[in-house]
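The structure under discussion appears below in the form of structure tokens.
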Amino acid sequence: MTLLDVTGLTVTGRHLIVDGVDLAVSAGETVGLVGESGSGKSLTARAVAGLLPKGLTATGSVTLSGLELLGARERVLRSVRGARVALLMQDPFAMLNPLCTAGVHIAESLPRSPRPPSPFPPTDPGASPFGTVPADPGASPALPQGSGAAPTRWTRATRRAEVLRRLAEVGIDDPSVADRYPFQLSGGMRQRVALAAALARDPELLIADEPTTALDATTQHEILMLLRNVQRARGMGVLLITHDLRVAFELCDRVAVMYAGRLVESGPGFDMAKVPAHPYTAGLLAALPSATVTLSRLEGIPGGVPAAGDVTGTCAFAARCGQADSECTQERPPLREIAPDRHTACLYEVRPRPRAEPRAVTPREASADETLLRIEGLRKRYGGHVALGGVSLRVGRGESVGVVGESGSGKTTLARCVLGLVTPDEGRIELAGLDLTRRARGGGQAHRLVQCVFQDPTTSLNPSLTVGSTLAEAAAQGTPEGRLSVAELLDLVGLPASYAARRPRALSGGQRQRVAIARALAVRPALLICDEPVASLDVSVQAHVLELLRTIGRELGTSLLFITHDLAVVRQITDRTVVLFRGDVVEEGETARILDAPAHDYTRRLLASVPPTP
Amino acid sequence: MKGVLVTVLALAALVAVGGSHLAPYDPAAQDLALGAVGPSAAHWLGTDDLGRDVFSRLLAGAGSAMLWPVLVALGTTVLSTSLGLLAGYRLGWVDALMMRAVDLAFAMPGMLVLIVVIGVLGGGYGWAVLAMAVLLTPGDIRVIRSLTMAQRELAYAEAAKTLGLRPSRIMFRHLLPNIAPTVVAGALLSFVVAMVSLAGLSFLGLGLPAGTPDWGLMVEENRDLLDLNPWAAVAPVVLLTLIASSATLLGDRLFDTLSKGGSR
Amino acid sequence: MAILTLISRRLAAALVLLGVLSVLTYGLLVASPGGPEQVLLGNRPSTAETRAAIRAEYHLDDPFPLRYARWLGDAVRGDFGISIYSREPVVDVIADRLPVTAGLAGYALLITVAVGVPVGLVAAMGRGGTLDQGITLTSLVLLAVPPFALSILLLYGFAVTLGWFPVFGAGETPMERISHLTLPAIALAAAQAAMVVRQMRAAALDLAGQDFLTFAKARGLPRRRIWIGYALRNAALPVLTVGGLLLAANLTGALFVEQAFGLHGLGALLIGAVGQKDIPVVQALVLFGGAIVVAVNLLIDLAYLVVDPRVRHGAVAS
């Protein structure tokens, strides 16, 4: 039975954003809507919930069990929101009212009376025979099981008991959490509280918009599993919006892929993972790094996502597609059925992409024996919080070492100590024979030895300087002999020399990270620290940047210290790996060995939380 | 819009520099027999109760009404920008010390103290100008400092540090351009506050000897003449209002344009 | 516990401020031209006897700290000495003038809130529209116009030309008083209302983009709950922050407005006392003004504690 039916949904603001999306979610089904940033997936979700930001308008049709929601009056929408359709958003740090406790959030979201919510007033067009009772009340542990005569109003005690029960449903057994404020809770806890609040009126459909993107890997996994369990227990329909194909395949019955504001492929996740029917899906799959095999080459998708409004009359992907021909730009390819419940917007059969061969694990050149960076017993405290509890590690010349950990593991503090941005409390940092523990250090030579690529591409470059002057300034900090020109540096990272005149705002995220890499390499450092350099990039771009870092490391003989939370990335780019947990090294060794046969319990948990790569 | 604002301010600047040469009468020349009369062909804005030509006095006062505030604005901007950058970039004890002082200055009813000090201890206009700058600086320091602190955390600033650039270069070449919109808007705002406050002080009869052709003083001396020749008091008020609001609006527009151009 | 530490720290800071202010204030007497004797003599004949009497009466031969301590002790008990000009106790002089200023300030505050908050909200709701642009423009202009200039314009326009309001004085009966104080209150409130409008608009716009507001709507919460529990409470915080600034503007603004409208309030008293070198009155007024500013800032800090749990639990500094 179709619960949610979206047909020809189009969202327009100043430009066209979502272009004719068809989507259906049946009761008890989980559907994944997958796309990279700018694909319009989040606004599709907002449009379905009737919560588009001001200035955007939606046309087409969105029906919930036959009730048209697009263009419905605000009163109708209010009776649907929360009661029949719930929305869970991405950022658990922004979703909860900072001034209210967790308990208040849930309590205020509960239905007016304790019994399964009263039917809608008869005049209400939102009234439906299904009311707000979940599809299978018997399967729901969360429903208040009315004991005898049902009271019609909440009392303090029954409301409190209900709040605690709701918390328990999302895996919070500690009743004191109800009295805590959002700022006193971790990201994972907040997302659980938000889920409990969203489900408080037992909706039939949950729209979850990137519900785990802002969370750590292990927490991410826990929340996804929780979502799956709650969905199954309640028999609820779920529309999961995500940028991560692996998450969609792991959790969803059916998957729809969005690109430049439209659907390009849809079908059962299992089939799609095996045989993608659209070149874009195939490209995304090929770009996914794997935590289980080391690939000889990482394939990104060339070019960037076009604006939806620029490609209305053609295949949106044609310009980046390896098998496009003149037919593809003649007209917009319709979404055609290729098998039952399986659709693609490609005219052709996707040519099988030769998946890159696993790389023969050849340890780097022999000089890895020669130690470049030696860290011993590094400690750093911030107030009562121990960021580093005595970390030791070694990076050989030309070697690539990964430092893996979640937020709070101390991995970034470690990087900042080596960079001299933070002074450690205890311990020793030795780089190429120089003592760099304190930053009055190395006779002013430190910056020629170690450089860094930072995480956030939106701030990694000074917005008021041109790319050229940024690079020239960096090069001038190196030794005069062998100094690279701006053009040479741009060439090194695969950008045309004409980019020197551009300012950062005219570059895409991936291009900015390339410039940031060129800036770091301009002084020809012996060690390059990469602090989550691809964490904020889309998968298709991520692959390009990773491949670039990998080849540069090999060609220039630069050692890499690669800080990341992503085990798949570590697999592709490092020789050895160090796992950090709460400021301590819990495991280290050859990357392949650690990922194939983890010894420490925490490493195993990390590995288990990586969604399987199809 | 911006064109109008710039034109108003440019005209004002022109009058400020050459005003006293344009005056048709000696601004101090009295004509007691004439007294306060309304506008006429001979006296465009009429005369005050001592028969002095209001238009000439207005022109003669333009210089001090605008030049001192410009000095105050320049002084405060340079001082607060460098101190704010220093405090925000260096942090540590430099910052702690400076912020204590700023907090103290902020919690005081500054204008009140200024009035009392100038009024009781005498001290001329020069002191008032200096005190004005001292009063305005702490607020600006605080703003610049918090912006600097936000910028220094950003990846590009950390990268500059990692490259081993000198702190002064990081502060002035990397951070300053990114907070420039605020600095520019702040300078214009300082100019407005200084102009308005200095005029206010002389309106209260502080800082300047009676009879000086000063806009604030003219308002004070002529506010009883609203029925005889309202222009004697209203004209300086209109000029002050016009210039002050033009500068404020220009600051607002410049801030918008600059921040759009710099960081998006 | 965090909350107690926070309150005690705020209290201590307030006391330190008042201490510094009182030293500066007392220093006025010493530093004024002619020295304390001359000031305290006022216009009485300066003979050896009167001088000696003054020196003895005010303990001028004691060391500075001792004199200061004695003066402060008296001041804390509400004794600021005798006005040199009127020969009445300073406290009585102030009490006499207080109602006018309090009425003016209260009236202005009322206008500020009653106009500022709704207009700011209206501007935010019609963001980018003609109305919003008009409101933004007007508030910027009003921010730039000094109260005394606005006073003159209002006087000329509404009192002299149109004759709707009285020109000078504060009036006797309550009704008279309201009509007498209306123009001054508007002159005083204009800039503050403009500040509130801008703050309110920014706070509302900031809120509109917040996820928690969308999430509240998505849960189908009643509109009243969203407006009061979510929007108003969260918007109150940034607006509260300008409260201290508003007060400082109110204090100095009142000075100019009273002078412009010929109101005999505390501002006019201060200007008069400054002109007559009536130091005891000046001291009392400056300390009084300082105490009000410090007290209100303290109240705002406490209000933060009540409204924002993050401050209450010491998670962020207010």
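As given, the protein sequences belong to chains B, H and G, one line each in that order. Using UniProt numbering, the letters of the first sequence correspond one by one to residues 1 to 614. Using UniProt numbering, the letters of the second sequence correspond one by one to residues 1 to 264. Using UniProt numbering, the letters of the third sequence correspond one by one to residues 1 to 318. Heads up, the beta-carbon is just placed ideally off N, CA and C, and yes, glycines get one too.
Assignment of beta-bridge partners to Phe581 of chain B by DSSP yields B:Asp584. Per the Cβ contact rule, the region 102-110 of chain G is in contact with the region 182-189 of chain G (3 or more Cβ pairs under 8 angstroms). Note that the region 419-434 of chain B does not touch the region 499-518 of chain B; fewer than 3 beta-carbon pairs, one per stretch, sit closer than 8 angstroms. Going by C-alpha positions, Ile228 of chain G is about 15 angstroms away from Met200 of chain G. Annotation for Ile3 of chain G: Arg312 place their beta carbon closer than 6 angstroms to its own, counting only its chain and skipping 5 residues before and after. The Cβ of Gly444 of chain B sits closer than 8 angstroms to at least one Cβ of chain H. Looking only at B:Asp341, B:Arg397, B:Arg438, the smallest Cα-Cα distance to Arg379 of chain B is reached by B:Arg438.
Annotation: the continuous alpha helix (DSSP H) that includes Phe288 of chain G extends over 279-307. Per DSSP, the unbroken beta strand (DSSP E) holding Met258 of chain B starts and ends at 254-259. Between the C-alpha atoms of Ala307 of chain B and Leu16 of chain B there is a straight-line separation of about 8 angstroms.
Checking the DSSP bridge columns, you'll see Gln451 of chain B partnered with B:Leu528.
Residue-level contact check: Ala178 of chain B does not touch chain G, since none of the beta carbons of chain G fall below 8 angstroms from its beta carbon. Residue state for Thr314 of chain B is assigned as coil, using DSSP reduced to three classes.
Inclusion of Leu372 of chain B and Ile207 of chain B in the CB contact set at 8 angstroms is not warranted, their separation being larger than that value. If you draw a 10 Å sphere on the C-beta of Phe270 of chain B, you find fewer than 16 other C-beta atoms in it, and that means exposed. The Cβ of Gly164 of chain H sits closer than 8 angstroms to at least one Cβ of chain B. At least 8 angstroms separates the CB of Leu91 of chain H from every CB of chain B. Taking a Cβ-Cβ cut-off of 9 angstroms, the neighbours of Phe256 of chain G in chain H comprise Gly200, Phe203, Leu204, given in sequence order. Excluding residues up to 5 positions away in sequence, Gly283, Arg320, Ser540 lie with their Cβ nearer than 6 angstroms to the Cβ of Ile301 of chain B in the same chain.
When secondary structure is reduced to three states using DSSP, Ser37 of chain B falls in the coil class, being assigned neither helix nor strand. Relative to the Cα of Ile152 of chain G, the nearest Cα in the group H:Arg142, H:Leu121, H:Val219 belongs to H:Val219. Annotation note: the region 275-345 of chain B contains the following uninterrupted beta strand (DSSP E) runs of length 3 or greater, listed N- to C-terminal: 336-339, 342-344. Boundaries of the alpha helix (DSSP H) around Gly88 of chain H: 54-90. Within the region 86-142 of chain H, the runs of alpha helix (DSSP H) that reach at least 4 residues and sit entirely inside it are, in chain order, 92-107, 110-121.
In the DSSP assignment, Leu549 of chain B falls within the unbroken alpha helix (DSSP H) covering 539-556. Excluding residues up to 5 positions away in sequence, Pro289, Ser290, Thr294, Leu295, Leu298, Leu546, Arg550 lie with their Cβ nearer than 8 angstroms to the Cβ of Gln572 of chain B in the same chain.
Here the alpha carbons of Thr148 of chain H and Ile179 of chain H stand approximately 7 angstroms from one another.
Boundaries of the beta strand (DSSP E) harbouring Tyr382 of chain B: 371-382, taken from the DSSP string. With at least 16 other beta carbons inside 10 angstroms of its own, Ile375 of chain B counts as buried. Asp456 of chain B has a beta carbon lying within less than 8 angstroms of a beta carbon in chain H. Between Val76 of chain G and the set G:Phe288, G:Leu140, G:Pro45, the nearest pair of CA atoms involves G:Phe288.
Assignment of His385 of chain B by DSSP, reduced to helix, strand and coil, places it in the strand class.
Under the criterion of beta carbons closer than 8 angstroms, Pro147 of chain G and Phe261 of chain G do not qualify as touching, at roughly 10 angstroms. Rounded to the nearest angstrom, the gap between the Cα atoms of Asp278 of chain G and Ala73 of chain H is 33 angstroms.
A straight-line Cα-Cα distance of about 18 angstroms links Leu121 of chain G and Pro53 of chain B. Following the DSSP letters along the chain, one finds Val404 of chain B in no alpha helix (DSSP H) but inside the beta strand (DSSP E) bounded by residues 400-404.
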